[in-house]
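Student: Right, I'll just put the structure down here and ask away after.
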Amino acid sequence: MKYKLEWTYKIKGKDGVTFNSDWLEGETALLIGEDIEKSGKGTNLVYHDELGTTWSTKEMRKLLAEIEEEPHDLTIFFDGGYNKVTSQAGLGAIIYYKQGKKKYRIRANALINEIENNNEAEYAAMYHTLNLLEEMSVHHMICEFKGDSQGVLMQLKGEWPCYEENLNRWLDRIEEKIKSLNIEARYTPIPRSGNKEADKLATQALEGKIINSKMQVI
1 MKYKLEWTYK IKGKDGVTFN SDWLEGETAL LIGEDIEKSG KGTNLVYHDE
51 LGTTWSTKEM RKLLAEIEEE PHDLTIFFDG GYNKVTSQAG LGAIIYYKQG
101 KKKYRIRANA LINEIENNNE AEYAAMYHTL NLLEEMSVHH MICEFKGDSQ
151 GVLMQLKGEW PCYEENLNRW LDRIEEKIKS LNIEARYTPI PRSGNKEADK
201 LATQALEGKI INSKMQVI
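Just so you know, we're using UniProt numbering here: the sequence shown kicks off at 1 and counts up by one.
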(Lines of atoms letter the chains of each structure in order from A and count residues from 1; the text may use other names and numbers.)
(Lines give C-alpha, C1' and ligand atoms only; values in the text may rest on other atoms or scores of the structure.)
Protein backbone atom coordinates (compact mmCIF):
# COMPACT_ATOMS: atom_id res chain seq x y z
CA MET A 1 0.00 0.00 0.00
CA LYS A 2 1.22 3.50 -0.83
CA TYR A 3 0.33 6.81 0.74
CA LYS A 4 0.12 10.45 -0.33
CA LEU A 5 0.68 13.37 2.05
CA GLU A 6 -1.39 16.54 2.02
CA TRP A 7 -0.54 19.55 4.14
CA THR A 8 -0.83 23.33 4.29
CA TYR A 9 2.38 25.40 4.26
CA LYS A 10 2.04 28.36 6.61
CA ILE A 11 2.90 31.83 5.30
CA LYS A 12 2.98 34.69 7.82
CA GLY A 13 0.15 37.14 7.23
CA LYS A 14 -1.25 35.18 4.29
CA ASP A 15 -3.38 32.15 3.61
CA GLY A 16 -1.46 28.92 3.57
CA VAL A 17 -0.63 26.96 0.41
CA THR A 18 -1.74 23.34 0.11
CA PHE A 19 0.78 20.76 -1.08
CA ASN A 20 0.40 17.10 -2.09
CA SER A 21 3.23 14.58 -2.32
CA ASP A 22 3.72 11.75 -4.78
CA TRP A 23 2.64 8.25 -3.76
CA LEU A 24 5.15 6.94 -1.22
CA GLU A 25 5.87 3.80 0.76
CA GLY A 26 4.34 3.97 4.23
CA GLU A 27 7.57 4.35 6.20
CA THR A 28 8.82 7.10 3.88
CA ALA A 29 5.52 8.97 4.07
CA LEU A 30 5.52 8.85 7.87
CA LEU A 31 9.15 10.01 8.06
CA ILE A 32 8.40 13.02 5.84
CA GLY A 33 5.17 13.78 7.69
CA GLU A 34 6.91 13.78 11.07
CA ASP A 35 9.61 16.07 9.68
CA ILE A 36 7.00 18.51 8.35
CA GLU A 37 5.25 18.64 11.71
CA LYS A 38 8.52 19.12 13.62
CA SER A 39 9.47 22.03 11.36
CA GLY A 40 6.37 23.93 12.42
CA LYS A 41 5.82 25.07 8.84
CA GLY A 42 3.07 22.62 8.00
CA THR A 43 -0.49 22.33 9.32
CA ASN A 44 -3.53 20.18 8.60
CA LEU A 45 -1.26 17.27 7.67
CA VAL A 46 -3.07 14.09 6.58
CA TYR A 47 -2.13 10.86 4.80
CA HIS A 48 -4.30 9.37 2.05
CA ASP A 49 -3.99 5.67 1.20
CA GLU A 50 -4.76 4.01 -2.13
CA LEU A 51 -8.13 2.83 -0.85
CA GLY A 52 -9.29 6.38 -0.13
CA THR A 53 -8.89 6.32 3.66
CA THR A 54 -7.39 9.34 5.45
CA TRP A 55 -5.04 9.06 8.44
CA SER A 56 -3.41 11.42 10.93
CA THR A 57 0.26 11.02 11.87
CA LYS A 58 -0.67 9.30 15.13
CA GLU A 59 -2.97 6.92 13.27
CA MET A 60 -0.28 6.24 10.65
CA ARG A 61 2.22 5.18 13.31
CA LYS A 62 -0.28 2.71 14.75
CA LEU A 63 -1.37 1.50 11.29
CA LEU A 64 2.16 0.80 10.06
CA ALA A 65 3.01 -1.03 13.29
CA GLU A 66 -0.02 -3.28 12.80
CA ILE A 67 0.59 -3.85 9.09
CA GLU A 68 4.22 -4.77 9.78
CA GLU A 69 3.07 -7.90 11.61
CA GLU A 70 0.55 -8.93 8.93
CA PRO A 71 1.11 -10.25 5.39
CA HIS A 72 1.28 -7.25 3.03
CA ASP A 73 2.63 -6.16 -0.37
CA LEU A 74 1.01 -9.24 -1.90
CA THR A 75 1.59 -10.42 -5.47
CA ILE A 76 -0.19 -13.60 -6.55
CA PHE A 77 0.43 -15.76 -9.62
CA PHE A 78 -2.12 -18.41 -10.63
CA ASP A 79 -2.64 -21.00 -13.35
CA GLY A 80 -4.98 -23.89 -14.07
CA GLY A 81 -4.35 -27.12 -15.98
CA TYR A 82 -6.96 -29.51 -17.33
CA ASN A 83 -7.12 -33.23 -18.09
CA LYS A 84 -10.11 -33.86 -20.37
CA VAL A 85 -9.86 -37.64 -19.91
CA THR A 86 -10.40 -37.46 -16.15
CA SER A 87 -12.26 -34.09 -16.05
CA GLN A 88 -9.81 -32.99 -13.39
CA ALA A 89 -8.10 -29.64 -12.94
CA GLY A 90 -4.71 -28.90 -11.45
CA LEU A 91 -4.55 -25.55 -9.67
CA GLY A 92 -1.29 -23.71 -9.10
CA ALA A 93 -0.64 -20.61 -6.97
CA ILE A 94 2.43 -18.60 -5.99
CA ILE A 95 2.09 -15.88 -3.36
CA TYR A 96 4.86 -13.37 -2.67
CA TYR A 97 4.45 -11.14 0.38
CA LYS A 98 6.19 -9.27 3.18
CA GLN A 99 5.74 -9.82 6.89
CA GLY A 100 7.82 -8.02 9.49
CA LYS A 101 11.11 -7.16 7.82
CA LYS A 102 11.18 -10.33 5.73
CA LYS A 103 9.86 -11.48 2.35
CA TYR A 104 8.22 -14.86 1.80
CA ARG A 105 6.93 -17.07 -0.97
CA ILE A 106 4.14 -19.62 -0.72
CA ARG A 107 3.82 -22.35 -3.37
CA ALA A 108 0.61 -24.36 -3.29
CA ASN A 109 -1.42 -26.52 -5.64
CA ALA A 110 -4.57 -28.60 -5.55
CA LEU A 111 -6.44 -31.18 -7.63
CA ILE A 112 -10.20 -30.92 -8.12
CA ASN A 113 -12.75 -33.03 -10.01
CA GLU A 114 -15.74 -32.47 -12.29
CA ILE A 115 -14.26 -29.63 -14.32
CA GLU A 116 -15.61 -29.12 -17.83
CA ASN A 117 -12.72 -27.46 -19.65
CA ASN A 118 -9.48 -25.52 -19.35
CA ASN A 119 -11.29 -22.18 -19.00
CA GLU A 120 -13.07 -23.43 -15.90
CA ALA A 121 -9.74 -24.68 -14.54
CA GLU A 122 -8.37 -21.13 -14.75
CA TYR A 123 -11.30 -19.72 -12.74
CA ALA A 124 -10.89 -22.48 -10.16
CA ALA A 125 -7.20 -21.62 -9.88
CA MET A 126 -8.04 -17.98 -9.20
CA TYR A 127 -10.51 -19.02 -6.51
CA HIS A 128 -7.84 -21.31 -5.03
CA THR A 129 -5.57 -18.30 -4.49
CA LEU A 130 -8.32 -16.51 -2.58
CA ASN A 131 -8.77 -19.49 -0.27
CA LEU A 132 -5.02 -19.38 0.42
CA LEU A 133 -5.23 -15.66 1.23
CA GLU A 134 -8.10 -16.37 3.60
CA GLU A 135 -5.99 -19.03 5.36
CA MET A 136 -3.25 -16.41 5.73
CA SER A 137 -5.78 -14.01 7.34
CA VAL A 138 -5.21 -11.43 4.60
CA HIS A 139 -7.77 -8.63 4.72
CA HIS A 140 -8.07 -4.93 3.87
CA MET A 141 -5.08 -5.16 1.53
CA ILE A 142 -4.31 -4.39 -2.09
CA CYS A 143 -3.54 -7.68 -3.86
CA GLU A 144 -2.13 -7.91 -7.37
CA PHE A 145 -3.15 -11.04 -9.28
CA LYS A 146 -1.07 -12.12 -12.26
CA GLY A 147 -1.96 -14.85 -14.73
CA ASP A 148 -1.74 -15.76 -18.40
CA SER A 149 -5.50 -16.28 -18.75
CA GLN A 150 -6.52 -12.93 -20.19
CA GLY A 151 -10.16 -13.99 -20.33
CA VAL A 152 -10.38 -14.54 -16.56
CA LEU A 153 -8.62 -11.30 -15.71
CA MET A 154 -10.51 -9.12 -18.19
CA GLN A 155 -13.83 -10.56 -17.08
CA LEU A 156 -12.95 -9.93 -13.43
CA LYS A 157 -12.10 -6.35 -14.41
CA GLY A 158 -15.56 -6.13 -15.97
CA GLU A 159 -14.11 -5.28 -19.38
CA TRP A 160 -15.12 -8.50 -21.14
CA PRO A 161 -18.53 -10.19 -20.94
CA CYS A 162 -18.93 -13.80 -19.81
CA TYR A 163 -21.68 -15.85 -21.45
CA GLU A 164 -20.99 -19.35 -20.07
CA GLU A 165 -23.21 -20.20 -17.12
CA ASN A 166 -20.62 -22.34 -15.34
CA LEU A 167 -17.97 -19.61 -15.62
CA ASN A 168 -20.40 -16.98 -14.35
CA ARG A 169 -20.89 -19.11 -11.25
CA TRP A 170 -17.14 -19.05 -10.67
CA LEU A 171 -17.09 -15.28 -11.21
CA ASP A 172 -19.79 -14.87 -8.57
CA ARG A 173 -17.86 -17.03 -6.10
CA ILE A 174 -14.63 -15.12 -6.73
CA GLU A 175 -16.26 -11.73 -6.34
CA GLU A 176 -18.03 -12.80 -3.15
CA LYS A 177 -14.75 -14.04 -1.67
CA ILE A 178 -12.96 -10.81 -2.58
CA LYS A 179 -15.74 -8.85 -0.92
CA SER A 180 -15.65 -10.98 2.22
CA LEU A 181 -11.88 -10.49 2.53
CA ASN A 182 -12.34 -6.77 1.88
CA ILE A 183 -9.32 -6.68 -0.41
CA GLU A 184 -8.78 -4.53 -3.47
CA ALA A 185 -7.91 -6.88 -6.32
CA ARG A 186 -5.77 -5.63 -9.18
CA TYR A 187 -5.34 -7.78 -12.27
CA THR A 188 -2.28 -7.96 -14.51
CA PRO A 189 -2.22 -10.27 -17.57
CA ILE A 190 1.22 -11.74 -18.20
CA PRO A 191 2.62 -14.01 -20.95
CA ARG A 192 2.86 -17.75 -20.36
CA SER A 193 6.63 -17.39 -20.15
CA GLY A 194 6.15 -15.22 -17.06
CA ASN A 195 3.89 -17.73 -15.33
CA LYS A 196 6.03 -20.86 -15.39
CA GLU A 197 6.05 -21.42 -11.63
CA ALA A 198 2.26 -21.52 -11.32
CA ASP A 199 1.97 -23.59 -14.51
CA LYS A 200 4.41 -26.16 -13.13
CA LEU A 201 2.42 -26.43 -9.90
CA ALA A 202 -0.81 -27.00 -11.83
CA THR A 203 0.87 -29.76 -13.87
CA GLN A 204 2.28 -31.39 -10.75
CA ALA A 205 -1.20 -31.45 -9.20
CA LEU A 206 -2.51 -33.34 -12.25
CA GLU A 207 0.36 -35.78 -11.77
CA GLY A 208 -0.67 -36.36 -8.16
CA LYS A 209 2.14 -34.28 -6.61
CA ILE A 210 0.53 -32.01 -4.05
CA ILE A 211 2.71 -29.16 -2.79
CA ASN A 212 2.23 -26.62 -0.02
CA SER A 213 5.42 -24.84 0.99
CA LYS A 214 6.54 -21.55 2.47
CA MET A 215 10.04 -20.13 2.36
CA GLN A 216 11.81 -16.86 3.01
CA VAL A 217 13.17 -15.16 -0.09
CA ILE A 218 15.97 -12.64 -0.37
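Even for Gly, the Cβ is constructed at its ideal location relative to N, Cα and C. Here the structure is a predicted model, which means the values were calculated and not measured.
Within 8 Å, do at least three Cβ pairs link the region 180–188 to the region 165–172?
Tutor: The answer is no - the region 180–188 does not touch the region 165–172, with fewer than three Cβ pairs under 8 Å.
Student: Under 8 Å Cβ to Cβ from I174, same chain only, skipping five residues before and after it: list those, please.
Tutor: Cβ neighbours of I174 beyond the five flanking positions: Y123, M126, Y127, L130 and L156.
Student: With a cut-off of 8 Å on the beta carbons, I'd call I76 and E144 a contact; round off their distance for me.
Tutor: The Cβ separation is near 7 Å, so the contact holds.
Student: Go to V152, then tell me how far its alpha helix (DSSP H) extends in each direction, as first and last residue.
Tutor: Element bounds for V152: Q150 to K157.
Student: Roughly how many angstroms separate the alpha carbons of R105 and L63, rounded to a whole number?
Tutor: Approximately 24 Å between the Cα atoms of the pair.
Student: List the DSSP bridge partners of A110.
Tutor: The partner list for A110 (beta bridge, DSSP) reads L91.
Student: Helix, strand or coil for W160, going by three-state DSSP, please let me know.
Tutor: It is coil, neither helix nor strand.
Student: For my contact list, L201 and Q88 are in at a C-beta cut-off of 8 Å; report their separation, rounded to the angstrom.
Tutor: Not confirmed; about 15 Å, so no contact.
Student: Short of 8 Å in beta carbon distance, which residues of its chain neighbour D111, apart from the five on each side in sequence? Order them along the chain.
Tutor: A quick correction: the sequence has Leu, not Asp, at residue 111. Once the five neighbours on either side are set aside, the close Cβ partners of L111 are Q88, A89, G90, L91, A205, L206, G208 and I210.
Student: Can you tell me which of the three DSSP states N119 falls into?
Tutor: Looking at N119 - three-state DSSP - the assignment turns out to be helix.
Student: Kindly indicate which residue of I142, E197 and R192 has the alpha-carbon position closest to the one of L51.
Tutor: When only C-alpha atoms are compared, the closest one is I142.
Student: What are the boundary residues of the beta strand (DSSP E) that includes S213?
Tutor: Element bounds for S213: N212 to V217.
Student: What number of angstroms, rounded off, separates the C-alpha of Q150 from the C-alpha of K10?
Tutor: Going from the Cα of Q150 to the Cα of K10 covers about 50 Å.
Student: What number of angstroms, rounded off, separates the C-alpha of I32 from the C-alpha of T203?
Tutor: Those two C-alpha atoms are separated by around 48 Å.
Student: According to DSSP, is T18 part of a helix, a strand, or is it coil?
Tutor: Of the three classes helix, strand and coil, the one that applies to T18 here is strand, per DSSP.
Student: Who does H72 pair with in a DSSP beta bridge?
Tutor: According to DSSP, H72 bridges with K98.
Student: Checking the sheet assignment: what are the DSSP bridge partners for L5?
Tutor: DSSP lists Y47 as partners of L5.
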